[in-house]
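No gaps in the numbering here: position 15 of the sequence shown is 15 in UniProt numbering, and each next residue is one more.
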Amino acid sequence: MAEKLRPPQYRGVNMYEAFFRLQKKPFELIPDPEFIYLSRSHKKALTYLDYGIRERVGFILLTGEVGSGKTTIIRDLLNKRYERVVLAKIFNTRVNSEQLLAMINDDFGLPVAGKDKVSLLRELNDFLLEQYALGNHPMLIIDEAQNLEADLLEEIRMLSNLESAHGKLLQIVLVGQPELRETLARPELLQLRQRISINCHLKALSLDEMSEYIEHRMTVAGNKEALTFPPGTLDLVYQFSRGIPRLVNIICDFLMLSAFAEESNVASVEMARDVLGDLEFEQHFWGDGKTGTRPAAEDAARMAGGADSERLSAALSEVCATLALLREDFNSHVAKVDTEVAQLGRSVAGLGAALEQIREQAVQEVNVEGGFVRRLFGSSAANGSK
Numbered sequence: 001m002a003e004k005l006r007p008p009q010y011r012g013v014n015m016y017e018a019f020f021r022l023q024k025k026p027f028e029l030i031p032d033p034e035f036i037y038l039s040r041s042h043k044k045a046l047t048y049l050d051y052g053i054r055e056r057v058g059f060i061l062l063t064g065e066v067g068s069g070k071t072t073i074i075r076d077l078l079n080k081r082y083e084r085v086v087l088a089k090i091f092n093t094r095v096n097s098e099q100l101l102a103m104i105n106d107d108f109g110l111p112v113a114g115k116d117k118v119s120l121l122r123e124l125n126d127f128l129l130e131q132y133a134l135g136n137h138p139m140l141i142i143d144e145a146q147n148l149e150a151d152l153l154e155e156i157r158m159l160s161n162l163e164s165a166h167g168k169l170l171q172i173v174l175v176g177q178p179e180l181r182e183t184l185a186r187p188e189l190l191q192l193r194q195r196i197s198i199n200c201h202l203k204a205l206s207l208d209e210m211s212e213y214i215e216h217r218m219t220v221a222g223n224k225e226a227l228t229f230p231p232g233t234l235d236l237v238y239q240f241s242r243g244i245p246r247l248v249n250i251i252c253d254f255l256m257l258s259a260f261a262e263e264s265n266v267a268s269v270e271m272a273r274d275v276l277g278d279l280e281f282e283q284h285f286w287g288d289g290k291t292g293t294r295p296a297a298e299d300a301a302r303m304a305g306g307a308d309s310e311r312l313s314a315a316l317s318e319v320c321a322t323l324a325l326l327r328e329d330f331n332s333h334v335a336k337v338d339t340e341v342a343q344l345g346r347s348v349a350g351l352g353a354a355l356e357q358i359r360e361q362a363v364q365e366v367n368v369e370g371g372f373v374r375r376l377f378g379s380s381a382a383n384g385s386k
């Protein structure tokens, strides 16, 4: 099998780079900012995140499907080397509150051995105050935040309460899969939702964007024309990847390997069907319980309908999550207005009682003065008659 994958004239060469005149493999799965491709959704997210970090807003939320490019976006941001940013990154989120706090302190370079939660929190607060005094900007990035339970997210919100007399001491970036939005929609997390200043969601690539994405990665790797992808092949790649960059990489890497084995520079539709069939893509990567590829006559029609359905489903999910957040915020606002109206009613009632008391007092004073006047004039009249 190894001999088939490496034609004799390319033995000893690192896989297929020499055959395709590439400087590196274009479809590696490792998030590499050098290969970042800015679709409309990715460009918008990167712009919003960059603004949020530079303006030092409180909470930032970034979500997207598995393999949509969240980590690549974050790494690209970190490569910008923001002035005076002191960074802590958390990637293991299946922890309890004390373990999470210990990891935060440890990534900021604070000692954590033998420390209880109270000590960890006090030392973190002291550290943040020290950094603030030095003019630095501490920032915490929590990846895979969809694994955090609601109570842990609430404790993270409490960390944002650490502040000086002039501002917040810690900026927090939450990065996670769409389930994170569902968790944030819970009523008990209303205060956290209200503190999210920047809210971004990475969408899947469109078919045209996926085509540009593939060409972009081959260009960065050293040869824009390394492998030709006919329209039918691109349709199949899009159908099975659903526009998720990581899955596009997996399919294209296997296509390049297959083309290399056949000493071809064209990824034919037949080659794509073979590769996708071998990978059992639907079952292994989507869990749909479907294997193999569809008959050729169904490819084009089902491609368009399936892709549109997936995009519509993703859009509806995002809309539902947004509506849930808005509903909670609206209910909270209504409850707040009801409370204020009740307080105003009590104030008005109190004011009315006070006015009534003043009126009664005034009436009494008038009656007293009237009696005095009557007595005075009555006395004067009596003296005159005498």
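Note that beta-carbon positions come from the ideal geometry of N, C-alpha and C, so glycine has one too.
Collapsed DSSP secondary structure at residue i in the structure displayed
i	result
Ile74	helix
Glu123	helix
Glu356	helix
Glu17	coil
Phe35	helix
Gly52	helix
Gly292	The pLDDT assigned to Gly292 is 36, lower than 50, so where the model puts this residue is not dependable; a value taken from the coordinates is nonetheless given after this. Here Gly292 sits in coil by DSSP.
Glu215	helix
Lys115	coil
Val220	helix
Phe254	helix
Residues bridged to residue i [DSSP beta-bridge criterion]
i	result
Cys200	Leu62
Glu163	Lys168
Glu141	Rather than Glu, the amino acid found at residue 141 in this sequence is Ile. Lys89 and Val173.
Val266	Thr228
Closest residue to residue i among the options (Cα-Cα distance)
i	options	result
Leu234	Arg273, Asn223 and Ser264	Arg273
Ser68	Val57, Tyr51, Pro31 and Gly58	Pro31
Leu124	Arg56, Ser241, Leu162 and Thr93	Leu162
His42	Asn199, Arg54, Pro111 and Arg346	Asn199
Leu189	Ala150, Pro111 and Gln357	Ala150
Glu212	Ile36, Ala18 and Tyr16	Ile36
Leu87	Glu98, Phe20 and Met103	Met103
Asp76	Leu38, Gly64 and Glu262	Leu38
Distance between beta carbons of residue j and residue i, contact taken as under 8 Å
i	j	result
Ala267	Thr219	At roughly 16 Å, the Cβ-Cβ gap does not stay under 8 Å, so Ala267 and Thr219 are not in contact.
Phe27	Arg217	6 Å
Leu159	Leu170	6 Å
Ile251	Phe240	6 Å
Contact under 8 Å by Cβ, residue i with residue j
i	j	result
Gly277	Gln23	no
residue 467	Ile214	In the structure as shown, the chain begins at 1 and stops at 386. Residue 467 is therefore absent and cannot be evaluated.
Ala45	Leu62	yes
Leu202	Ile172	no
Thr72	Glu144	no
Ser264	Val275	no
Leu128	Leu192	no
Val175	Pro230	no
Pro178	Leu205	no
Gly58	Lys168	yes
Leu180	Gln146	yes
Asn105	Leu120	yes
Gly232	Met210	no
Met256	Phe20	yes
Residue i at chain C interface by Cβ criterion, 8 Å
i	result
Leu110	Checking the listed chains, one finds no chain C in this structure; it contains a single protein chain.
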